[in-house]
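K.L.:
Mind having a look at this structure? Questions to follow.
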Amino acid sequence: MSKRYEQYCPIAHALGLVGERWSLLIVRELLHGPKRYTDLAASLPGLGTNILAARLKELESCGVLTKHRLDPPAASQVYELTPYGEELKPVMRTLALWGLRSIDPPTEEDDLAPGWLYGALDTVFAPIAPPGSFEFRIGTEVAGLVDGEPRRGSIEDPDVVVEGEVDSFYWLFVERRWDAVKVEGDRELLERLFDAAAAPLPGNSVLV
0 MSKRYEQYCP IAHALGLVGE RWSLLIVREL LHGPKRYTDL AASLPGLGTN ILAARLKELE
60 SCGVLTKHRL DPPAASQVYE LTPYGEELKP VMRTLALWGL RSIDPPTEED DLAPGWLYGA
120 LDTVFAPIAP PGSFEFRIGT EVAGLVDGEP RRGSIEDPDV VVEGEVDSFY WLFVERRWDA
180 VKVEGDRELL ERLFDAAAAP LPGNSVLV
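Right, dumping it as structure tokens:
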């Protein structure tokens, strides 16, 4: 455990495991599959290599992730979440929805790692998606959902296709600005998907 709060409290204990800066962003990256050290470094450009190494060691020591070497010909060492670490997925989804309540539109300075769209669909939409197939073409990213399963790349014969730029995804998802994107196919099905993803939090929400 990297930090102790001297309190007998499960929240304090959890923060002692994953509450250090960058730790949950490393977990976010590993939620979508094993990654090499270089993959993690590329996905988190603001994180120095010494801090990355320290966080990986801490998360491994507390049982959140593990590392192993792939079989030849790859033979690369990768990091992946343990079953205990995988249990953070619903926590990350709730945290993402909570963060969306106050997030600003992306700027040119904001970094978006390759695969961010797939990650967003997997974390936010996949657990609650209605039956059907959705393809999102946002900026240079293409990903989708088929009956609640996230897919990388194009979807064969999707029920609905959403196309726009990166900031368009913000205006659609956070502000429900349907004019910010181009929609082809079953618009009602798409609205059901976004309705299901609305944050179940009290008070006014920008997601509703």
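Take the sequence shown: its position 28, counted from the start at 1, is 27 in numbering that gives the first Met the number 0, and no numbers get skipped. Even glycine gets a Cβ: it sits at the ideal position worked out from N, Cα and C. These figures come from a predicted structure and were not determined experimentally.
Need the endpoints of the beta strand (DSSP E) that Phe133 sits in, please.
P.N.:
Translated into positions along the sequence shown, residue 133 becomes position 134. Residues Ser132 to Ile137.
K.L.:
Assign Val160 to one of three DSSP states: helix, strand, or coil.
P.N.:
Walking along the sequence shown from the start, residue 160 turns up at place 161. In the structure shown, Val160 sits in a strand (DSSP, three-state: E or B).
K.L.:
For Gly131, which residues in the same chain have their Cβ closer than 6 Å to its Cβ, ignoring the five residues on either side in sequence?
P.N.:
Looking up residue 131 in the sequence shown gives position 132. The answer, listed in chain order, is Asp158 and Leu188.
K.L.:
List the whole-angstrom C-beta distance separating Ala142 from Leu120, where the pair is believed to meet the contact cut-off of C-beta under 8 Å.
P.N.:
Sequence index remark: in the sequence shown, residue 142 carries index 143 (1-based). Sequence index remark: in the sequence shown, residue 120 carries index 121 (1-based). So it is a contact: roughly 6 Å between Cβ atoms.
K.L.:
Quick one: residues in its chain with C-beta nearer than 6 Å to the C-beta of Arg68, no 5 flanking neighbours on either side, listed in chain order?
P.N.:
The residue you call residue 68 lines up with position 69 of the sequence shown. The residues are Gln76.
K.L.:
Going by the CB atoms, is the gap between Leu30 and Cys61 shorter than 7 Å?
P.N.:
Here residue 61 refers to the residue found at position 62 when the sequence shown is read from its first residue. Here residue 30 refers to the residue found at position 31 when the sequence shown is read from its first residue. Their beta carbons are not under 7 Å apart, which means Cys61 does not touch Leu30 by this criterion.
K.L.:
Drop a sphere of 10 angstroms on the beta-carbon of Gly45, count the other beta-carbons inside from all chains shown, and report buried for 16 or more, exposed for fewer.
P.N.:
Residue mapping note: residue 45 aligns to position 46 of the sequence shown, counting from 1. With fewer than 16 Cβ atoms within 10 Å of its Cβ, Gly45 is classed as exposed.
K.L.:
Do you know whose CA, among Glu28, Pro126, Thr122 and Glu190, lies nearest Ser42's CA?
P.N.:
To locate residue 42, count along the sequence shown from 1; it is residue 43. Closest by alpha carbon: Glu28.
K.L.:
Could you spell out where the alpha helix (DSSP H) holding Thr255 opens and where it closes?
P.N.:
Past the boundaries of the shown model lies residue 255; the chain is included only from 0 to 207, so the question cannot be answered.
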